[in-house]
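Participant:
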Amino acid sequence: MSPFSVGIITVSDSVHAGINEDKSGALIQEILCLRGFQKAASAIVPDDTDSIHGSVKELCNLKLDCIFTTGGTGFSERDRTPEAISPLLERQAPGLVHLLLSSSLKHTPLAALSRPVAGTIGKTLVVTLPGSVKAVQENLDALLSNDVLDHALDLIKGGSGEAVHAALGTRHTPAGHGQHVHDHSHHHSGCPKPRTALSHDPSASAAGRLRVSPYPLIGFKEALDIILTEIQPLVGAAKLPVTPKLAGHVLAEDVHAPQDVPSSRVTNVDGYAIRSSQPPGTYKVLTSLTHRLNDELQKSIVFRVNTGGPLPAGADSVIMVEDTELVSTTKDANGEDIEEDEVKTLVQVPPEENVRQPGSDVRKGDLVMPLGEVITSVGGEVGTLAFVGRKEVTVFRKPVVALLSTGNELLDLQSPRPISGDGWGGVWDTNRPSLQTALEGMGYEVVDLGIVADSVDTHVRAISQGLDTADILLTTGGTSMGASDLLKPVIERRFNGTIHFGRVAMKPGKPTTFASIPTKAGRKFMFALPGNPASALVTFLIFVVPALRRLGTWPENRCQLPRVRVQLQNSMPLDARVEFHRVVVRATPNGLQATTTGGQRSSRVASLCSANGLVQLPILAEGGPHKLNEGDFVQAVMIGEPLM
681 MSPFSVGIIT
691 VSDSVHAGIN
701 EDKSGALIQE
711 ILCLRGFQKA
721 ASAIVPDDTD
731 SIHGSVKELC
741 NLKLDCIFTT
751 GGTGFSERDR
761 TPEAISPLLE
771 RQAPGLVHLL
781 LSSSLKHTPL
791 AALSRPVAGT
801 IGKTLVVTLP
811 GSVKAVQENL
821 DALLSNDVLD
831 HALDLIKGGS
841 GEAVHAALGT
851 RHTPAGHGQH
861 VHDHSHHHSG
871 CPKPRTALSH
881 DPSASAAGRL
891 RVSPYPLIGF
901 KEALDIILTE
911 IQPLVGAAKL
921 PVTPKLAGHV
931 LAEDVHAPQD
941 VPSSRVTNVD
951 GYAIRSSQPP
961 GTYKVLTSLT
971 HRLNDELQKS
981 IVFRVNTGGP
991 LPAGADSVIM
1001 VEDTELVSTT
1011 KDANGEDIEE
1021 DEVKTLVQVP
1031 PEENVRQPGS
1041 DVRKGDLVMP
1051 LGEVITSVGG
1061 EVGTLAFVGR
1071 KEVTVFRKPV
1081 VALLSTGNEL
1091 LDLQSPRPIS
1101 GDGWGGVWDT
1111 NRPSLQTALE
1121 GMGYEVVDLG
1131 IVADSVDTHV
1141 RAISQGLDTA
1151 DILLTTGGTS
1161 MGASDLLKPV
1171 IERRFNGTIH
1181 FGRVAMKPGK
1191 PTTFASIPTK
1201 AGRKFMFALP
1211 GNPASALVTF
1221 LIFVVPALRR
1231 LGTWPENRCQ
1241 LPRVRVQLQN
1251 SMPLDARVEF
1261 HRVVVRATPN
1271 GLQATTTGGQ
1281 RSSRVASLCS
1291 ANGLVQLPIL
1301 AEGGPHKLNE
1311 GDFVQAVMIG
1321 EPLM
């Protein structure tokens, strides 16, 4: 059978804007190319009816055998793919639509919210697929199973279908694998499937706990790649008022100026509006209280204006206050000066001096901020929105974070009631207040779930509350090998969750755990960070911050904290694991210099007290140096502003 030609259209505002990578379109291409299809054309368009409609028609003009779209088939306001494509279809294919829905419903009831369409335009088959990588995989598996797609295309081209039937009679398919024999599991993460839990059984005795972790020790980069692959941006956008609370959000629309700025001629200095033809001399002073802007300014008069104020009719220039002298004033009944009456101008100003023309800053309709722009706490973005008069703006959702600490030994600083009751004073819960400070400082809403006791039931209740009230869960403690370390067992055994990794070859932070839990609202993610305070903060900055930004639809190249080249001011020993050494970075005439904050023990949170950087030390290699020396240059993750 001759290979079929295929066109692929990705429908996504964020991919079109360059915020996210086109993973679904790439997966369609890879799967179909393995089946012998020839990709003839592809396109990426925003979630816009006209753009989708036009792109499909353009590809149909190429006489392709089939066109697949991905994205825009749901129920959100921007999902317009079915509306764009349905009017183009000459013959509907309800059977294919049923196949797509029934296949997806086997995996999740949320597939009922998908609105696929399928049919032909001329001799081209058009099929719409969802936007998620997981759903694309499931739908294509269904279409390729038993050569359904090949059979349909053969018939559309005028064939009898005999070649497909013959192939079906001779092909031996491994049970349960359909015809898709290539493993794409590295491209996506499906809903977690039930499996034998790796973690210890918390109902067993302490003596029966595992002595060796069943979770493989993976590299730091691999762990970060897993996070940024598994986590996808939250679905949905909201229209919010332009206030400081916008910080941390990402624009979900192009912002165009609704009017000229300035809307009329205004001054950019404090001074007096005047006719440029008027020579130096003495003039009577009028103000907005004594002269209407629409009235023509007489030659014997100047009009006092403040920076940003409008010019009256007849004036074409502004003379600065510094180029005038006070001649006389008006006085009250007591003889006290109350207002300028006359001033003397010392120079003659040219036309348009110190005047901003209408639209000279921004013209009505100009693009002032593009979709995908991050609104920072610096103030420039909010200021720009206010400058052009936007009262509201549409932004992508920002994640809500549920935060808890685990451990009977912990005491809440504000309410120090011991959990254990064994008479021991305990230790202060350092992680929860420090992480909440960091999160709220970044503009995230935090649901504080408090300190959770070392029991399965309390863990289940707290995690359930977090899943109900937040988009992502963040815990500290309970991730190591102790009998009371319950997070991994509870995630796997009580929530049917998946531990994507349970150990990382990094220092500090080896027990860092990243998991996902299936819920009615879709998968939710959970970070279980180590209990030692320095470990918790370092792993939060290295792993959790990129995850939060990814959920909030930040551009992929901005999800991680920035890295800079620094020169060491101390020697630093190397370890068998990648180490993030806490440092103070200073800007000097010779460049950025990094000085250690002292002892790097994972429990020593004081090592982060003044730190504004994390030097990433390489792994100790066999036959290589045992330390980096003073004067060596390395990369540092910036977690604060460089000192001067």
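Under this note's numbering, the first residue of the sequence shown is numbered 681, with each subsequent residue one higher.
Using N, Cα and C, we set each Cβ at its ideal position, and we do this for glycine too.
1) Mapping the DSSP letters down to three states, classify residue 821 as helix, strand or coil.
2) Is residue 1082 near residue 1042, with beta carbons less than 8 Å apart?
3) To the nearest angstrom, how far is it from the Cα of residue 1016 to the Cα of residue 1032?
4) Between residue 932 and the rest of its own chain, which residues show a CB-CB distance below 6 Å, the 5 nearest in sequence each way excluded?
5) Take the Cβ of residue 1012 as the centre, count every other Cβ of all protein chains shown within 10 Å, and call the residue buried at 16 or more, exposed below.
6) Based on DSSP bridge pairs, tell me the residues matched to residue 711.
7) To the nearest angstrom, report how far apart residue 803 and residue 743 are at their CA atoms.
8) How big is the Cα-Cα spacing for residue 761 and residue 798?
9) Rounded to whole angstroms, what's the CA-CA distance from residue 1243 to residue 1292? Just pull it up for me.
10) Applying the criterion that 16 or more other CB atoms from any shown protein chain within 10 Å of the CB defines a buried residue, is residue 952 buried or exposed?
11) When you compare each of 775, 728, 790 to residue 765 by their alpha carbons, which one comes out closest?
12) Per the contact definition of three or more C-beta pairs closer than 8 Å, is the region 713-730 in contact with the region 1063-1073?
13) Taking buried to mean at least 16 other C-beta atoms within 10 Å of its own C-beta, is residue 875 buried or exposed?
14) Determine which residues share a DSSP beta bridge with residue 733 and list them.
15) Is residue 1113 helix, strand or coil by DSSP?
16) Hey, could you find the ends of the alpha helix (DSSP H) residue 1213 is sitting in?
17) With a CB to CB cut of under 7 Å and the five nearest residues on each side skipped, what residues in its chain are close to residue 1304?
18) Can you give me the Cβ contacts of residue 699 inside the same chain, cut-off strictly under 6 Å, excluding the 5 residues immediately before and after it?
19) Compute the beta-carbon to beta-carbon distance between residue 680 and residue 990, rounded to the nearest angstrom, for a pair I have assumed lies under 8 Å.
20) Beta-carbon within less than 7 Å of residue 1322's beta-carbon, same chain only, minus the 5 sequence neighbours each way: which residues are those?
21) With a threshold of 16 other CB atoms inside 10 Å of the CB of residue 647, please say whether the residue is buried or exposed.
22) Out of curiosity, what's the CA-to-CA distance linking residue 850 and residue 906?
23) For the beta strand (DSSP E) that residue 1058 lies in, which residues bound it at each end?
24) So, for residue 758: in the same chain, excluding its five sequence neighbours on each side, which residues have a beta-carbon less than 6 Å away from its beta-carbon?
25) Applying the criterion that 16 or more other CB atoms from any shown protein chain within 10 Å of the CB defines a buried residue, is residue 1005 buried or exposed?
26) So, under 8 Å CB-CB, residue 1241 and residue 1225 are touching, yes? Tell me the CB distance rounded to an integer number of Å.
27) The alpha helix (DSSP H) with residue 1149 in it runs from where to where?
28) How many angstroms separate the CA atom of residue 1172 from the CA atom of residue 737?
29) Just the C-alpha distance for residue 1056 and residue 927, rounded to the nearest angstrom, thanks.
30) Under 8 Å by Cβ, that's how I've got residue 1037 and residue 960 pegged, so tell me the actual separation to the nearest angstrom.
31) If you check the beta carbons only, do residue 987 and residue 1035 fall under 8 Å apart?
32) Run through the DSSP bridge pairs and tell me what residue 1276 is partnered with.
33) Does DSSP put residue 1229 in a helix, in a strand, or in coil?
34) Taking only runs that begin and end inside the region 893-960, name each unbroken alpha helix (DSSP H) of 4 or more residues, in chain order.
35) Have a look at 693, 807, 723 and flag the residue whose alpha-carbon is nearest the alpha-carbon of residue 706.
36) DSSP has residue 1024 in a bridge; who is on the other side?
Facilitator: Considering the structure as presented:
1) helix
2) no
3) 36 Å
4) 917, 1074, 1075, 1076
5) exposed
6) DSSP output for residue 711 lists no bridge partner at all.
7) 7 Å
8) 11 Å
9) 12 Å
10) buried
11) 728
12) no
13) Low confidence applies here, because residue 875 scores a pLDDT of 41, under 50, leaving its location unreliable; read the following figure in that light. So residue 875 ends up on the exposed side.
14) BP columns for residue 733 are empty, so no partner.
15) helix
16) 1213-1219
17) none
18) 1052, 1235
19) Outside the shown range of the chain, which is 681 to 1324, sits residue 680, and nothing can be said about it.
20) 1265, 1266, 1267, 1272, 1292
21) A question about residue 647 goes unanswered here, because the residues of the chain that appear run from 681 up to 1324.
22) Because residue 850 carries a pLDDT of 40, less than 50, the predicted location of this residue cannot be relied on, and the following value inherits that uncertainty. Whole-angstrom Cα-Cα distance: 40 Å.
23) Here residue 1058 belongs to no beta strand (DSSP E), and DSSP marks it neither H nor E.
24) 727
25) exposed
26) 6 Å
27) 1136-1149
28) 48 Å
29) 5 Å
30) About 25 Å separates the two Cβ atoms, so there is no contact after all.
31) no
32) 1263
33) helix
34) 900-910
35) 723
36) 962, 1005
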